[in-house]
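Going left to right, the sequence shown walks through residues 1 to 88 as UniProt numbering numbers them. Where a beta carbon is used, it is the ideal one built from N, C-alpha and C, also for glycine. Here the structure is a predicted model, which is why all the values come from computation and not from measurement.
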Amino acid sequence: MHFQMERGRIYLMQEGKLLAELTYTDEGDYYNVDHTFVDECLRGQGVAAQLMAAYQSLLEKEQRKSTATCSYALKWAEKHKEYATYWM
1 MHFQMERGRI YLMQEGKLLA ELTYTDEGDY YNVDHTFVDE CLRGQGVAAQ
51 LMAAYQSLLE KEQRKSTATC SYALKWAEKH KEYATYWM
């Protein structure tokens, strides 16, 4: 799956329809994931986890830390202890 990236957003569009999205805000010293969305046609296929993996790659590339106010992102970060140095 190929996600598009722009500042504050990682997403998947197909034929003009938003199918998946992760949004984050720049809080100065860190980012905050505030929303994830997966269209019902893709739910249960691990797409939200793929969004989080793409976001994690962004954190590593930019050497940034993150928090999450999105419940899914928070659970993902707690589950993936191997990335703990990037999460506050």
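Below 8 Å between beta carbons: does that hold for T36 and L51?
yes
L42 versus F3, A49, L19, A77, residue with shortest Cα-Cα distance
L19
Looking only at its chain, what residues have a beta carbon closer than 7 Å to the beta carbon of V38, apart from the 5 residues adjacent to it on each side?
A20, V47, A48
Pull the bridge partners of M13 from the DSSP assignment, please.
L18
Mind reading off the beta-carbon distance from A54 to I10? Whole number of angstroms is fine, and I expect it under 8 Å.
5 Å
Please give the ranges of any beta strand (DSSP E) in the region 13 to 76, keeping only runs that are unbroken, at least 3 residues long and fully inside the region.
17 to 26, 30 to 38, 65 to 68
What does the Cβ neighbour count give for A84, buried or exposed, with the cut at 16 atoms within 10 Å?
exposed
Quick check: what's the CA-CA separation for K75 versus F3?
21 Å
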